[in-house]
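Novice:
Residue numbers (this note's numbering): 51 to 172.
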């Protein structure tokens with residue numbers, strides 16, 4: 051029994067010396083800092099800011115595209131109103147084919163714009 055108690059006391063002594071040496075160690079041990087001195091949350095903020103910048107740039111691009119498409123749509127609508135007052139011939143067929151080609155591209159763009167807005171909630 052004396053042997054077991056002696057071993058137990060030796061282990062406790064070694065542990066207490068280890069704890070004392072660790073607590074007395076010099077240095078700035080802030081849990082929020084890394085070895086390079088940067089705050090560990092800096093990268094996360096940079097990512098968030100980068101993501102926000104990227105979102106803002108994408109939004110500007112989409113808004114510019116939308117403005118362009120809206121202007122084109124107004125132009126095509128005005129042309130369509132003019133054609134409604136004229137007789138329809140070969141010129142109208144050519145115009146109508148161009149209009150339908152533009153309209154398909156517009157609908158394709160509108161689908162991609164709506165899906166982008168749906169993902170980002172704008």
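C-beta: ideal position from N, C-alpha, C; glycine also.
1) Can you tell me whether DSSP reads residue 56 as helix, strand or coil?
2) Quick one: Cα of residue 155 to Cα of residue 119, how far?
3) Are the CB atoms of residue 149 and residue 126 within a distance shorter than 8 angstroms?
4) Can you tell me whether residue 93 is buried or exposed, with buried defined as 16 or more other CB within 10 angstroms of its CB?
5) Report yes if the CB atom of residue 166 is closer than 8 angstroms to the CB atom of residue 122, and no otherwise.
Specialist: Straight from the coordinates:
1) Translated into the one-based positions of the chain shown, residue 56 becomes position 6. Helix, per DSSP.
2) As a first step, residue 155 must be located in the chain shown, where it is residue number 105. As a first step, residue 119 must be located in the chain shown, where it is residue number 69. Distance between the alpha carbons of residue 155 and residue 119 is about 10 angstroms.
3) Here residue 126 corresponds to residue number 76 of the chain shown, with the count starting at 1. Here residue 149 corresponds to residue number 99 of the chain shown, with the count starting at 1. A contact, by the Cβ cut-off of 8 angstroms.
4) The residue given as residue 93 occupies position 43 in the chain shown. At residue 93 the pLDDT is 49, less than 50, meaning the model places this residue with poor confidence and gives no usable figure here.
5) Locating residue 166 in the chain shown gives position 116, where the first residue counts as 1. Locating residue 122 in the chain shown gives position 72, where the first residue counts as 1. Not closer than 8 angstroms, so no.
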